[in-house]
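J.: In this note's numbering, the protein residues as written are 87 to 361. Ideal Cβ placement from N, Cα and C applies to all residues, glycine included. Computed from a predicted structure; not experimentally measured. The structure under discussion is supplied below as structure tokens; questions concerning it will follow.
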């Protein structure tokens, strides 16, 4: 099985046809996997993550590419990504100013859908190197088996969190239980983790039915909001246990805990009462 090393200019985001490097549907032997990453000031992590992603994607011999959404970084994030794009199927998309995680995820998903078939797969994950790329090898087959969304979960048997403070772990667990009690999305325990796989056909249909408004939140509450919005269309959802390596994170966390809590509560109230 051949995998493409060069990404034709402009092919990723042509909404009328699949990328030129993707074989016609009738002759394709494998699903196309696109990894779409939001990144903000990740110059110290994004290069290592891309290297790890390339390794696992090549080992699996999938057709693939990687899209990095640079959300107005003020460091060398864009420069690092451009260095990879000269040699590998890596594409840089830039926001001129920092618009927040919600906007970056929206761009990653909408740009990521362009040019792909309904049975293709989009993977999202954090760009800070805390999510193990090897887990993609378990998530992709689950989508191909018939699931619409697969979430890397901190609350499945076998999951482990390393390097996160007990306070942050407590807050995350509390958010998980609150979401489960209030919304009860079937087969979902982790509503906030950004490491997910989506079937493009389901994502595209949901995007159209939501009239492009998949996310309104700007910050970290956006990941839960996205899942709640998509759950309205009864996705077949599954989870895999996540090994979260927060000890591999380089640099300080960008999460502002107080602001994240208040915005999450506001988002939950809005969804629970249809405001």
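In whole angstroms, what is the alpha-carbon distance linking residue 264 and residue 173?
T.: Here residue 264 corresponds to residue number 178 of the chain shown, with the count starting at 1. Here residue 173 corresponds to residue number 87 of the chain shown, with the count starting at 1. Those two C-alpha atoms are separated by around 45 Å.
J.: Please state whether the Cβ-Cβ distance between residue 350 and residue 261 is less than 8 Å.
T.: Indexing the chain shown from 1 puts residue 350 at position 264. Indexing the chain shown from 1 puts residue 261 at position 175. A contact, by the Cβ cut-off of 8 Å.
J.: Check whether the Cβ of residue 233 lies closer than 7 Å to any heavy atom of the ligand SAM, and answer yes or no.
T.: Annotation note on the ligand SAM: not contained in the displayed structure, which lists no ligands.
J.: Of the residues 298, 232, 215, 244, which one's Cα is nearest the Cα of residue 280?
T.: Sequence index remark: in the chain shown, residue 280 carries index 194 (1-based). Residue 280 has its Cα closest to that of 215, out of 298, 232, 215, 244.
J.: Comparing alpha-carbon positions, which option in 129, 307, 325, 221 lies nearest residue 348?
T.: Here residue 348 corresponds to residue number 262 of the chain shown, with the count starting at 1. Nearest option by C-alpha distance: 307.
J.: Could you name the residues that DSSP lists as bridge partners for residue 310?
T.: Working through the chain shown from its first residue, we reach residue 310 at position 224. According to DSSP, residue 310 bridges with nothing at all.
J.: Please determine, among 199, 288, 319, 323, the residue with the shortest C-alpha to C-alpha distance to residue 277.
T.: Here residue 277 refers to the residue found at position 191 of the chain shown. Ranking the options by Cα distance to residue 277, first place goes to 323.
J.: Just list the residues that DSSP pairs residue 141 with in beta bridges.
T.: As a working note, residue 141 is residue 55 in the chain shown. Note: residue 141 sits in no beta bridge, so no partner.
J.: By the three-class DSSP mapping on this structure, what secondary structure does residue 118 have?
T.: Against the chain shown, residue 118 aligns to sequence position 32. It is a strand residue.
J.: Only counting the same chain, and skipping five residues up and downstream in sequence, which positions put a Cβ closer than 6 Å to that of residue 188?
T.: Stepping through the chain shown from its first residue, residue 188 is reached at position 102. Taken in chain order, the residues that qualify are 301, 303, 304, 308.
J.: Is it true that the segment 217-231 meets the segment 245-261, where meeting means three or more beta-carbon pairs spaced less than 8 Å apart?
T.: Output reads no: the segment 245-261 does not touch the segment 217-231.
J.: Would residue 150 pass as a contact of residue 175 if the rule is Cβ separation under 8 Å?
T.: Reading the chain shown from its first residue, position 64 is the one you call residue 150. Reading the chain shown from its first residue, position 89 is the one you call residue 175. Yes, these two residues count as a Cβ contact at 8 Å.
J.: According to the neighbour-count rule (16 or more other Cβ atoms, all chains shown, within 10 Å of its Cβ), is residue 166 buried or exposed?
T.: Counting from 1 along the chain shown, the entry for residue 166 is found at position 80. The residue is buried, with at least 16 neighbouring Cβ atoms inside 10 Å.
J.: Of the residues 199, 195, 161, which one's Cα is nearest the Cα of residue 183?
T.: Residue numbering aside, residue 183 sits at position 97 when the chain shown is read from its first letter. Ranking the options by Cα distance to residue 183, first place goes to 161.
J.: Report the three-state DSSP secondary structure of residue 301 (helix, strand or coil).
T.: Within the chain shown, the letter at position 215 stands for residue 301. Reduced to three states, the DSSP call for residue 301 is coil.
J.: Check the DSSP bridge columns for residue 124 and list the partner residues they point to.
T.: Taking the first residue of the chain shown as 1, we reach residue 124 at position 38. Per DSSP, 155.
J.: Residue 248 and residue 330 - do their beta-carbons sit closer together than 8 Å?
T.: Here the question's residue 330 lines up with position 244 in the chain shown. Here the question's residue 248 lines up with position 162 in the chain shown. Closer than 8 Å, so yes.
J.: Which residue comes first and which comes last in the alpha helix (DSSP H) that contains residue 267?
T.: Stepping through the chain shown from its first residue, residue 267 is reached at position 181. Per DSSP, residue 267 belongs to the alpha helix (DSSP H) from 252-268.
J.: So, is residue 362 buried or exposed, given that buried needs 16 or more other C-beta atoms within 10 angstroms?
T.: This structure does not reach residue 362, given that the chain is present from 87 up to 361, and the question cannot be answered.
J.: Between the C-alpha atoms of residue 293 and residue 332, what's the straight-line distance to the nearest angstrom?
T.: Taking the chain shown and counting its residues from 1, one reaches residue 293 at position 207. Taking the chain shown and counting its residues from 1, one reaches residue 332 at position 246. Near 31 Å, if we compare the C-alpha coordinates of residue 332 and residue 293.
J.: For residue 134 versus residue 219, is the C-beta spacing smaller than 8 Å?
T.: Taking the chain shown and counting its residues from 1, one reaches residue 134 at position 48. Taking the chain shown and counting its residues from 1, one reaches residue 219 at position 133. Contact flag unset, no.
J.: Quick check on residue 127: buried or exposed, where buried means 16 or more other Cβ atoms within 10 Å of its Cβ?
T.: Within the chain shown, residue 127 is the residue found at index 41, counting from 1. Per the 10 Å Cβ criterion, buried.
J.: Where does residue 145 land, buried or exposed, given buried means 16+ other C-beta within 10 angstroms?
T.: If you number the chain shown from 1, residue 145 lands on position 59. Exposed, by the Cβ-count rule.
J.: How big is the Cα-Cα spacing for residue 246 and residue 297?
T.: By one-based count along the chain shown, residue 246 stands at place 160. By one-based count along the chain shown, residue 297 stands at place 211. For residue 246 and residue 297, the distance between alpha carbons rounds to 37 Å.
J.: Taking the straight line between their C-alpha atoms, what separation do you get for residue 164 and residue 314?
T.: Walking along the chain shown from the start, residue 164 turns up at place 78. Walking along the chain shown from the start, residue 314 turns up at place 228. Cα to Cα, the separation comes out at about 31 Å.
J.: Quick one: what does DSSP say residue 325 is sitting in, helix, strand or coil?
T.: Stepping through the chain shown from its first residue, residue 325 is reached at position 239. Residue state, collapsed to three classes: strand.
J.: Helix or strand or just coil, what does DSSP make of residue 181?
T.: For the purposes of this step, residue 181 is taken as residue 95 along the chain shown, with counting starting at 1. Residue 181: strand per DSSP, three-state reduction.
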